[in-house]
Amino acid sequence: MKSEVVKILSIILVENRINFPNEEIEKLIEIPPSSEMGDFAFPCFVLAKEMKKSPNLIAEDFAKKITKNLTDKIEKVKAIGPYINFFLNKQQDSEKVLKEILKLKNSYGKNSDNKIGRVMIEFPSPNTNKPLHLGHLRNMAIGESVSRILEFGGNKVIRANQTNDRGIHICKSMLAYQKSGNGKKPDKKPDHFVGDFYVMFSKMAKENPGLEKEAQEMLVKWEKGDKDVLALWKKMNKWAFDGMDETYKRFGIKHDANYYESKIYTKGKEIIFDGLNKGIFKKRDDGAIIIDLTNDGLDEKVVLRADGTSIYITQDLALAKLKAEKNIDGSIYVTGNEQDYHFKVLFLILKKLGFKFADNLKHLSYGMVGLPEGKMKSREGNVVDADELMDEVQNLAREELEKRQKLPKRELEKRASKIALSAIKYHFLKTDIFKNMVFDPKESISFDGNTGPYLLYSYARANSILKKAKVKEIKKFSVGKFEKQEWELTKKLSEFPVVVKDAGEKYNPSLIAHYSYELAQLFNEFYHACSVMEAEKNKRDCRLALVESFKIVLKNSLNLLGIETLEEM
Ligand code: ARG
6 MKSEVVKILS IILVENRINF PNEEIEKLIE IPPSSEMGDF AFPCFVLAKE MKKSPNLIAE
66 DFAKKITKNL TDKIEKVKAI GPYINFFLNK QQDSEKVLKE ILKLKNSYGK NSDNKIGRVM
126 IEFPSPNTNK PLHLGHLRNM AIGESVSRIL EFGGNKVIRA NQTNDRGIHI CKSMLAYQKS
186 GNGKKPDKKP DHFVGDFYVM FSKMAKENPG LEKEAQEMLV KWEKGDKDVL ALWKKMNKWA
246 FDGMDETYKR FGIKHDANYY ESKIYTKGKE IIFDGLNKGI FKKRDDGAII IDLTNDGLDE
306 KVVLRADGTS IYITQDLALA KLKAEKNIDG SIYVTGNEQD YHFKVLFLIL KKLGFKFADN
366 LKHLSYGMVG LPEGKMKSRE GNVVDADELM DEVQNLAREE LEKRQKLPKR ELEKRASKIA
426 LSAIKYHFLK TDIFKNMVFD PKESISFDGN TGPYLLYSYA RANSILKKAK VKEIKKFSVG
486 KFEKQEWELT KKLSEFPVVV KDAGEKYNPS LIAHYSYELA QLFNEFYHAC SVMEAEKNKR
546 DCRLALVESF KIVLKNSLNL LGIETLEEM
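In this note's numbering, the protein residues as written are 6 to 574.
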């Protein structure tokens, strides 16, 4: 619908010899505060300077001219102050929109606009010394959603995971286990079992500061290939991996490519020695290899420790190169914003090393996640576990369902799990990525308000209307006179492709989240104002088409957030 308005505006601008690209016009078009003022409005302020005329006069003049050449898609054009307001031909437009949605179904909104090509998206990339935590849930929600949005935008997405499975942190868990594990096997989810030893290490090291040095010595041994150290490492890492795989599965993510620091860090060292020869890196007096980035406004950065062991950035140099070997056009790293500096340094070093792919790297960084005061106090020295949080939200979902109806146990659990995931994912994704946030389990699970469960509930409501009407597929209908609510809902449905495109360009799932919520609200307003089943035949068919279209679009929209719908709540 908007494209018609863009077309008309571009014609009149050309006629007036004003050079204005269509994308600019599209960005400037606004939706008036009430539908009495039209469906779209174009602000004329931007033209005032070039046309040497007041915006109000321009609006008036253009509105008159456009009115003379109206197409049948637009009913009326009117100047309101400095705006040109467009009133669409509701009947014709609505019919077109609904028919298109019913025809395209789950590919409605698909486009090929975000032309990156092959994109690798890396998330959540944990360390193997402890289980996934609250921040990883935000990471996975964002990583999966951005993957889906970019796929919908016509790109080939490769979901990658980089596991930091070696290094000083891992040695710490290992040392604590060596000292007090007594060869025990996991008696709980195995990644949690490993994590307990990491917490234990911190406590032990407080009383015995020498342990830090011992962990460092263990790391040197690991890099030298010490048999006992490697055996212990393999055993504990397997536990960590098994546990994390379970969590990925539960959250609904899968990877197409897996990288492990242990397998690539030596390649990182090679890059560093190479750069040392070329004079990009230098050896400091204490033996550490560094790069001086002070001229770029950054610091002096160590890339290899004095004892020769590899650090975080060492492996990242190799990783970026390995990824590029997969012929990708873009590479995105999803991590918390505490790593902003790391990625700035990494990308700059790669550029200085002369890698072409260094221009295609993007760090998608998100803000910190906290919990509301006093809730779910975590164990000392540890943050909230992802699994614990999913359990907690699932318990709340189950309680809510039990209040409403009696369901067989399996069905109850299936629904509680889907509702919980919708609550968690939506709560994260509705927040702008860069913002710090508080994750409130109670708020996230509420069945009304701006939440995942509210959206699932609206979807199920639409489904139940269609079920009652016993329609399989709506083939024939025509739009007669529309009520305000019907029109508003249809207009929102028509905006979906534009929102998807925008979300892809900005790597921003919150745009899809906001859209889903607004769409569901308009549907609920329609539901309360317009009866479907009691309406006369023509009207009923048309409303059924509207309900079905809503179902399709909400499902597509939620799918881009990684949220599965439920036919019944
Ligand atoms: N394992 C790291 C951490 O937990 C994140 C890794 C991010 N990816 C990367 N290529 N550096 O902090």
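Even for Gly, the Cβ is constructed at its ideal location relative to N, Cα and C.
The beta-carbon separation of Gly335 and Gly148, rounded to 14 Å, does not stay under the 8 Å limit for a contact. Rounded to the nearest angstrom, the Cβ distance from Gly172 to Asn119 is 35 Å, too far for a contact under 8 Å. When secondary structure is reduced to three states using DSSP, Lys367 falls in the strand class. Where Gly335 is concerned, the enclosing beta strand (DSSP E) starts and stops at Gly335 to Gly341. Under the 10 Å beta carbon count, Ile175 is surrounded by 16 or more other beta carbons and is classified as buried.
Within the segment 37 to 123, complete alpha helix (DSSP H) segments of at least 4 residues are found at 50 to 56, 60 to 73 and 95 to 109, given in chain order. Here Ala165 carries a strand assignment [DSSP, helix/strand/coil].
Asp437 and Lys349 have their C-alpha atoms some 21 Å from each other.
Taking 8 Å as the upper bound for CB-CB distance, Thr456 and Ala428 are in contact here, some 6 Å apart.
In the DSSP assignment, Glu31 falls within the alpha helix (DSSP H) that extends over Asn27 to Leu33. Here the C-alpha atom of Trp492 lies approximately 13 Å from the C-alpha atom of Val552.
Three or more beta-carbon pairs separated by less than 8 Å are not found between the segment 89 to 100 and the segment 159 to 168, which leaves the two stretches without contact. Inclusion of Thr495 and Ser99 in the CB contact set at 7 Å is warranted, their separation being smaller than that value.
A heavy atom of ligand 1 is found nearer than 6 Å to the CB of Asn169. Looking at the DSSP output, Asp390 sits in a beta bridge with His138. Using a C-beta cut-off of 8 Å, the segment 102 to 109 makes contact with the segment 541 to 555, since at least three inter-stretch Cβ pairs fall below that distance.
The segment 189 to 276 is shown to contain whole beta strand (DSSP E) runs of 3 or more residues at 262 to 265, in chain order.
Lys497 and Ile85 have their C-alpha atoms roughly 23 Å apart.
Placement of the Cβ of Asn132 at a distance of less than 6 Å from at least one heavy atom of ligand 1 is found. Going by C-alpha positions, Ser521 is about 31 Å away from Lys83. Inter-segment contact for the segment 228 to 246 and the segment 281 to 292 is absent: fewer than three beta-carbon pairs are separated by less than 8 Å.
Going by beta carbons, Phe444 and Val505 fall outside the 7 Å limit.
By alpha-carbon distance to Asn169, the top candidate from Glu156, Lys194 and Asn132 is Asn132. Beta-bridge annotation (DSSP): Lys288 is paired with Ile294. Annotated three-state conformation of Ser536 is coil, per DSSP. Distance between Leu180 and Val225, taken at the CA atoms: about 13 Å. By the neighbour-count criterion, in which a residue is buried when 16 or more other Cβ atoms sit within 10 angstroms of its Cβ, Ser536 is exposed. Between Pro446 and Val398, the CB-CB gap stays under 7 Å. Here the C-alpha atom of Glu212 lies approximately 15 Å from the C-alpha atom of Lys177.
In the three-state scheme derived from DSSP, where H, G and I count as helix and E and B as strand, Ile568 is classed as coil. Residue burial is scored here from C-beta neighbours: Pro87 has at least 16 other C-beta atoms within 10 angstroms and is therefore classed as buried. When the five nearest sequence neighbours on each side are left out, the beta carbons in the same chain lying within less than 8 Å of the beta carbon of Trp244 are those of Pro191, Pro195, Asp196, Phe198 and Val199, in order along the chain.
With a cut-off of 6 Å, the C-beta of Asp261 is classified as distant from ligand 1, since no heavy atom of the ligand falls inside that distance.
Relative to Lys272, the option among Lys328, Ile258 and Tyr182 whose CA is nearest is Lys328.
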